[in-house]
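Numbering (full-length UniProt numbering), first residue to last: 1 to 473.
Glycine included, each C-beta is placed from N, C-alpha and C at the ideal position.
These numbers were taken from a predicted model, which means no experiment stands behind them.
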């Protein structure tokens, strides 16, 4: 029997806080960590400078300070599930109930939110049944924030997290998806968890974390129009590798980052997952606050790094030297630049996903496609219903359709190779998505190149990988 289940079974008859402590310690010991001291530093202790991630975790753990490597029990502010992770979490609940654990209510239904995004519109019978299972769970536990497709606002979870202001600066946010890191651009600690950990948070409202080291990435210079955040993060991953930030924080700063829109910042943190990071984060500023004022009047407590903090590593990216960047099959770290791949024949162009179909992404692609015709099958799937509507009002949808592209509903479907445009054997696609492993978007013998919306749009026009500077507006 797995350690965490053995611990849970042995603890059922004890107090709930004893169950919580034992289960969390079981997880920690299983990973080879030592539990942190329960004592806070004395009032006379000189506290070390902390990063934004360390400050958020310290506050959530009720401690004055933390250091990389500490294991803390952090209170969670928000938790998310979707139509793939949700049924897995529900299965864990079922297994725990079979062990005799009473699960009549969850920690805080108002702090839980759910969306349907991966297999919607329902791709098959199993997908439809998973959505029913998810709906029954939210009804049972009184979870009101359930974004359902075909019933108003819905979309990809990592897009709704900011589009609906579900997560705020300074918060600890966890979700049942590896790209939960995305929302760190809001100045929150955002990290993905597995089914068992999400289930545990639903029960107790807290979870353990090992405090990660922080890597700093400063992006400096004057950004050319043809360079987007996708180019920046692909370059970073190419330089440090897909394991270059394993269980570390990737923090972004610099003049370029300060000038990026909120949505472009979210592209940076989204793909920290592809470098192995525990979380990605950007300190909140007026851009963040203005974005939130348009969406919520909720109160929050932002956090900032200390001025004299020491980072484990610091990298500087000079953006003026950058070129449109592409990740070749079969890794986000296998990078090149568009001009070196020019002429590579393509079968499909895809503009979609949490990292490539926000409103700014659609605007950038439409600027390239306006008045042009695509030469290969081109799909555009906005990341949320609200973004779809804004794109319609701005005339972007008309531009896409006049160019010959198909515009579809918000879904993760093609990105994860599930439905709504999967690739067949031997097909080659250029995509705004975030992963290009073998079989990621369909057949194991298909190929996917990852690029920014402007590179994908330019390539759709020519039918070959194309530098956007070579397409005349």
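query                                                                                                                                                                            : result
Kindly provide the ranges of any beta strand (DSSP E) runs that are 3 or more residues long and lie completely inside the region 72-105, ordered along the chain.                : 78-82
Does residue 372 pass the burial test, meaning 16 or more other C-beta atoms within 10 Å, or should it be called exposed?                                                        : buried
Contact check, residue 71 vs residue 198 under 8 angstroms by CB: the rounded distance?                                                                                          : 19 angstroms between Cβ atoms; not a contact.
Return the CA-CA distance between residue 188 and residue 437, expressed in angstroms with no decimal places.                                                                    : 29 angstroms
Spatial neighbours of residue 13 within its chain, please: C-beta separation below 7 angstroms, excluding the five flanking residues on both sides.                              : Confidence at residue 13 is low in this model, with a pLDDT of 35, below 50, so its placement is unreliable and the value that follows should be read with caution. Excluding positions up to five away in sequence, the list is empty.
In the structure shown, what three-state DSSP assignment does residue 43 receive?                                                                                                : Note on residue 43: pLDDT 33, under 50, position unreliable in the model; the coordinate value appears next. Coil at residue 43, not helix or strand.
Can you tell me the Cβ-Cβ gap for residue 273 and residue 248, rounded? I've got them flagged as a contact below 8 angstroms.                                                    : At roughly 12 angstroms, the Cβ-Cβ gap does not stay under 8 angstroms, so residue 273 and residue 248 are not in contact.
Out of 175, 124, 449, which one is the CA nearest neighbour of residue 76?                                                                                                       : 175
Restricting to runs no shorter than 4 residues, where is the alpha helix (DSSP H) found entirely within the region 202-243?                                                      : 229-240
Exposed or buried, which one is residue 94 when buried takes at least 16 other CB atoms within 10 Å?                                                                             : exposed
Are the CB atoms of residue 353 and residue 163 nearer to each other than 8 angstroms?                                                                                           : no
Work out the CA separation of residue 143 and residue 8 for me, nearest whole Å.                                                                                                 : The predicted model places residue 8 with a pLDDT of 36, which falls under 50 and marks its position as unreliable; any figure quoted below should be read in that light. Distance between the alpha carbons of residue 8 and residue 143 is about 25 angstroms.
Can you round the beta-carbon distance between residue 256 and residue 220 to whole angstroms, since I take them to be within the 8 angstroms contact cut?                       : 6 angstroms
Mapping DSSP to helix, strand and coil, what is residue 149?                                                                                                                     : coil
If residue 434 sits next to residue 324, beta carbons under 8 angstroms apart, how far is it from one beta carbon to the other, in whole angstroms?                              : Actually they do not touch by this definition, with Cβ atoms about 17 angstroms apart.
Please report how far the alpha carbon of residue 427 lies from the alpha carbon of residue 418, in whole angstroms.                                                             : 16 angstroms
Mind checking whether residue 206 and residue 364 have CB atoms under 8 angstroms apart?                                                                                         : no
Where residue 450 and residue 99 are concerned, what is the direct C-alpha to C-alpha distance, given to the nearest angstrom?                                                   : 45 angstroms
Verify whether the separation of the beta carbon atoms of residue 211 and residue 309 is less than 8 angstroms.                                                                  : no
List, from N- to C-terminal side, the beta strand (DSSP E) runs of 3 residues or more that fit wholly inside the region 375-451.                                                 : 377-380, 428-431, 447-450
Going by CA-CA distance only, name the one from 178, 152, 184, 149 that's closest to residue 166.                                                                                : 184
For residue 321, which option in 222, 288, 271 has the closest C-alpha, if you only look at C-alpha atoms?                                                                       : 222
Considering just the uninterrupted stretch of the beta strand (DSSP E) at residue 281, what are its terminal residues?                                                           : 279-282
Take residue 425 and list the residues in its own chain whose beta-carbon comes closer than 6 angstroms to its own, dropping the five residues that flank it on each side.       : 443, 445
Measure from the alpha carbon of residue 347 to the alpha carbon of each residue in 430, 288, 334, 407, then state which is nearest.                                             : 430
Which residue from 408, 289, 201 puts its Cα closest to that of residue 120?                                                                                                     : 408
Going by DSSP, what residues sit across from residue 107 in a beta bridge?                                                                                                       : Answer by DSSP bridge pairing: none, since residue 107 is not bridged.
Can you name, in chain order, every residue of its own chain whose Cβ lies under 6 angstroms from the Cβ of residue 375, other than the five neighbours on each side?            : 463
Whole alpha helix (DSSP H) runs in the region 333-363 with 4 or more residues, listed along the chain?                                                                           : 338-341
Using a threshold of 8 angstroms, state whether the C-beta atoms of residue 180 and residue 271 are closer than that.                                                            : no
Any idea what DSSP makes of residue 198, helix, strand or coil?                                                                                                                  : helix
Please list, in chain order, all residues of the same chain as residue 447 whose beta carbon is under 6 angstroms from its beta carbon, the five residues on each side excluded. : 329, 428
Start and end of the beta strand (DSSP E) containing residue 318?                                                                                                                : 313-318
Where does residue 368 sit, in a helix, a strand or coil, going by DSSP?                                                                                                         : helix
Since residue 432 and residue 281 should fall inside the 8 angstroms C-beta cutoff, what is the C-beta to C-beta distance between them, to a whole number of angstroms?          : At roughly 22 angstroms, the Cβ-Cβ gap does not stay under 8 angstroms, so residue 432 and residue 281 are not in contact.
Which whole-angstrom value is the C-beta distance of residue 415 and residue 117, which I expect to be below 8 angstroms?                                                        : Not really, about 10 angstroms apart at Cβ, beyond 8 angstroms.
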